[in-house]
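Engineer: Sharing a structure with you now.
Protein chains: 2
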Amino acid sequence: MTRHYPHTKRILVAVDCIIFGFDQNDLKLLLTKRSFEPEKGKWSLIGGFVQDDESLDDATKRVLYKLTGLKNIFMDEVKVFSEVDRDPMERTISVVYYALIKINKNLKLSRDYGAQWFSVDDLPVLIFDHNNMVDAAHEKLRWMARHQPIGFELLPKKFSIPQLRRLYEAIYDKELDKRNFSRKIIAMSMLEKLGEKDKSTSKKGAYLYRFDKRRYRELVNKGLNFEI
Amino acid sequence: MTRHYPHTKRILVAVDCIIFGFDQNDLKLLLTKRSFEPEKGKWSLIGGFVQDDESLDDATKRVLYKLTGLKNIFMDEVKVFSEVDRDPMERTISVVYYALIKINKNLKLSRDYGAQWFSVDDLPVLIFDHNNMVDAAHEKLRWMARHQPIGFELLPKKFSIPQLRRLYEAIYDKELDKRNFSRKIIAMSMLEKLGEKDKSTSKKGAYLYRFDKRRYRELVNKGLNFEI
DNA sequence: TCAAAAGTGTTGACCCTACACCCATGG
DNA sequence: CCATGGGTGTAGGGTCAACACTTTTGA
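Protein chains in written order, with our numbering: chain A, 1 to 228; chain B, 229 to 456.
This is the structure:
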């Protein structure tokens, strides 16, 4: 015997991803050319319908993997967009995620989606309510970056303090005092200083650091609360 | 011509609400006896399926109204629960909201749901993943109450500082220094002091205040950031 | 008159901000 | 040798936490 809840018209469930990356000085996000109707050919977020056998997290991982070839991407739910007419073709609710990835030469984007990086403050018009999704995701990113150590997800494993500062300046769209910033971040003692220097942005070179996740967790257990 | 996206098995979309209330000293939440299969008769969150013609917010408002008779309840999305087998009957994803209401003698709960208030730290076992939903909602409430002035939604329009403090003590499950607390909250100057006193909890009586939303917005525009 | 809750002030520690100069080095 | 970005120290103000006693009044 198969039992069912009472019938309602079908509601499709989708996920859409705001994929952030950081490229030296700019916070960017990845947009794709929509490959199917409606609005085929327009700029849109990457997304997909949730399948029978997957949770929303699974669906998001699948979508991200197909585009970037990466697994274990940092991702976080933002909110659900569910206005009745948001998709003109059929009733679809969409759960928005943001994801953080490291832009570097190893990153090989699938050619299938016509994906392109855009600076967050110079975006094209997107389909449906996708611009609103971006706004919501950006706001959540700012909030989370301030209170959780997620900024490191956007940087290479080894990074310099000035690089980290530029990242936060890009996220907050605000200049930060370099002395205060480095004092604060070092005082949290969750960074491991490496011997090497990064000379790509200056002649003197800047010391490289690594985020020490284990140490961070210890500190949190001792009552540290991260805030930048 | 009707166009459709490719077919997938139907996924039902539901909302579930964690309704918080504050009763003098305790943070409570409202549970109902489930009235349909599966798990009929067990304690559960109040919820409902999203209908064709409503957004998630609409659905949540409808569910809250049917139970409490109230409109304009404060509510906020927490996250989506979407594990494939979370509902044994049929694939259902559920969007969790928390809502804040004022418990008082005007509150007339519908008799249809067998609803009952429970102290947040003395809850029964709930159906499905509802206990996890409560945990997620409670965490979000703590977070939000610290950073946004939502605590007032749980108190009567007129309230005393000690009452407000007891509320925050209940939310954080932590004692707060009454001198520091009242200094801090008054310094934010978003409360309007009224002439009257509340004598229900002491012989001396405590001055009543009102939250001044307009003033609060002004302060935020001037760069205040609320934090308790 | 006493019990019970409300109200109030001070101090020291810490943290945050603002600010300017020297260092290292590749070109 | 000089232009460029990296690195560092200090002082003042503000904020926060810790702490105890007086006030009011109903019972």
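Virtual Cβ for every residue (Gly too), placed ideally from N, Cα, C.
Could you say which of A/Val-95, A/Val-84 and A/Glu-83 lies nearest to A/Asp-58 if we only look at CA atoms?
Structural biologist: A/Val-95
Engineer: If you follow the alpha helix (DSSP H) that A/Arg-210 is part of, which residue opens it and which one closes it?
Structural biologist: Segment 206-211 is the beta strand (DSSP E) holding A/Arg-210; no alpha helix (DSSP H) there.
Engineer: By alpha-carbon positions, which one of A/Ile-18, A/Lys-71, A/Asp-85 and A/Pro-162 ends up nearest to A/Trp-117?
Structural biologist: For the set A/Ile-18, A/Lys-71, A/Asp-85 and A/Pro-162, the Cα lying nearest the Cα of A/Trp-117 is the one of A/Ile-18.
Engineer: Report the neighbours of B/Arg-319 on chain A: residues whose CB is nearer than 7 Å to its CB, in chain order.
Structural biologist: Asp-52
Engineer: Run through chain A and tell me which residues come within less than 9 Å of B/Lys-270, C-beta to C-beta.
Structural biologist: Ordered by position in chain A, no residue passes the 9 Å Cβ test against B/Lys-270, which lies about 17 Å from the chain.
Engineer: At 8 Å on the CB atoms, spell out the chain A contacts of B/Tyr-233, in chain order.
Structural biologist: Neighbours of B/Tyr-233 across chain A, judged by C-beta separation under 8 Å: Leu-12, Phe-49, Met-89, Glu-90 and Thr-92.
Engineer: Is there at least one Cβ from chain A nearer than 8 Å to B/Leu-284's Cβ?
Structural biologist: yes
Engineer: In whole angstroms, what separates the C-alpha of B/Tyr-444 from that of A/Ala-136?
Structural biologist: Distance from the CA atom of B/Tyr-444 to the CA atom of A/Ala-136, rounded to whole angstroms, is 23 Å.
Engineer: Counting Cβ pairs, one atom from each stretch, are 3 or more of them under 8 Å apart for the segment 19-30 of chain A and the segment 306-317 of chain B?
Structural biologist: no
Engineer: Can you give me the Cβ contacts of A/Ala-170 inside the same chain, cut-off strictly under 7 Å, excluding the 5 residues immediately before and after it?
Structural biologist: Phe-22, Asn-25, Asp-26 and Leu-27
Engineer: Which two residues bound the contiguous alpha helix (DSSP H) that contains B/Lys-289?
Structural biologist: 284-296
Engineer: Using a 10 Å radius around the Cβ and a threshold of 16 neighbouring Cβ atoms, would you call B/Ala-242 buried or exposed?
Structural biologist: With 16 or more other Cβ atoms within 10 Å, it is buried.
Engineer: From B/Met-361, B/Leu-354, B/Ser-388 and B/His-235, pick the residue whose C-alpha is nearest to that of B/Thr-260; which is it?
Structural biologist: B/Leu-354
Engineer: Could you name the residues that DSSP lists as bridge partners for B/Asp-304?
Structural biologist: The bridge partners DSSP lists for B/Asp-304 are B/Tyr-326.
Engineer: Could you check where the alpha helix (DSSP H) with A/Gln-163 kicks off and where it finishes?
Structural biologist: 161-172
Engineer: Would you grab the beta carbon distance between A/Leu-208 and A/Glu-218 for me? Rounded to a whole angstrom, and I think it's under 8 Å.
Structural biologist: Contact doesn't hold; Cβ gap of about 22 Å is too wide.
Engineer: Along chain B, in chain order, which residues have C-beta atoms closer than 7 Å to that of A/Glu-39?
Structural biologist: Here the premise fails: no neighbours, minimum Cβ distance about 12 Å.
Engineer: What is the DSSP secondary structure of A/Gly-195, counted as helix, strand or coil?
Structural biologist: strand
Engineer: On the criterion of 16 or more Cβ atoms from any shown chain inside 10 Å, does B/Ser-272 qualify as buried, or is it exposed?
Structural biologist: buried
Engineer: Report yes if the C-beta distance between B/Asp-280 and A/Thr-8 is below 8 Å; otherwise report no.
Structural biologist: yes
Engineer: Please classify B/Arg-262 as buried or exposed, where buried requires at least 16 neighbouring CB atoms within 10 angstroms.
Structural biologist: buried
Engineer: Kindly indicate which three-state DSSP category B/Asp-357 falls into: helix, strand or coil?
Structural biologist: coil
Engineer: Tell me whether B/Asp-280 sits in a helix, a strand or coil according to DSSP, three-state version.
Structural biologist: coil
Engineer: Does the CB of A/Lys-66 have a neighbour CB from chain B at under 8 Å?
Structural biologist: no
Engineer: DSSP has B/Ser-347 in a bridge; who is on the other side?
Structural biologist: B/Lys-256
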